[in-house]
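In this note's numbering, the protein residues as written are -17 to 153. Every residue gets a Cβ at the ideal spot worked out from N, C-alpha and C, and that includes glycine. Predicted model, so just to flag it, every value in this text is computed and none were measured. Each remark here refers to the structure printed beneath this line.
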Amino acid sequence: MKVIKVIQCYKIRRGTNYDKAIKKHLEQRPQWRNVFDKVGVLLNENITEMGLVADELWVNTNQLTKDENKKLFNKNGKLKSNTNRAKEILDSYKKIIAEEGLTDFQGWQLINFTYGAMRSQGQHLESFVTSENDIYFKADFNLEERTKGLVESITEIEYEEKYLEELKKGQ
């Protein structure tokens, strides 16, 4: 027998700590472009892909062209800490992060994990961000219950109408 999962739709409840954390994340995110550029100058490389982590430097090692830089990072892209040069780069990176006002930056996934806005294995969750930095969700589980009221239930029609409205704004 096939189990049919019911789709439920939600939007973020404004004014909550979750809403504030997401809005702060979305406001800070564009500042990372400056970090990419400054890290590129620091390494004398063209860096366009980095992990958005304030206290650790992660880069896409496939973008590194200089052997001395390749030796500074693990295969997964994390800066090693076992050399003086790596320690200097990390110190410089932390200064860049501070200059850009990103020392308290939290990634999207960490925020969602902290506030329970995530799926478990076998569950489906999709979302989109509106031009007002509100988040709308579609899930096959009770997200309102999981987030302890940080999102509010809406109809699927409301979800789809908002999605279409945002698509039209993007044209």
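Check                                                                                                      : Outcome
For Ala121, the first and last residue of its enclosing beta strand (DSSP E)                               : 117 to 121
Candidates Trp14, Leu84, Asn66, Ala121, of which the one nearest Glu138 by Cα                              : Ala121
DSSP bridge partner residues for Trp14 (one or two, in chain order)                                        : The partner list for Trp14 (beta bridge, DSSP) is empty, contrary to what the question assumes.
Ile4 in three-state terms, based on DSSP                                                                   : helix
Classification of Ile(-6) by the beta-carbon crowding that lies within 10 angstroms, buried from 16 upward : buried
Stretch-stretch touch, CB-based, cutoff 8 Å, three pairs: the segment 91 to 101 with the segment 52 to 61  : no
Ala36 and Leu107 closer than 7 Å at C-beta                                                                 : no
Segments assigned alpha helix (DSSP H), at least 4 residues, entirely inside the segment 54 to 132         : 66 to 81, 90 to 97, 125 to 128
Lys(-7), enclosing beta strand (DSSP E) - first and last residue                                           : -10 to -6
Closest by C-alpha distance to Leu72, when choosing among Gln103, Phe123, Leu24, Glu9                      : Leu24
For Ile136, the residue or residues it bridges with in DSSP                                                : Cys(-9)
Range of the contiguous alpha helix (DSSP H) that encloses Lys52                                           : 49 to 52
For Val41, the three-state DSSP class (helix, strand or coil)                                              : strand
Distance, Glu50 Cα to Asn44 Cα                                                                             : 14 Å
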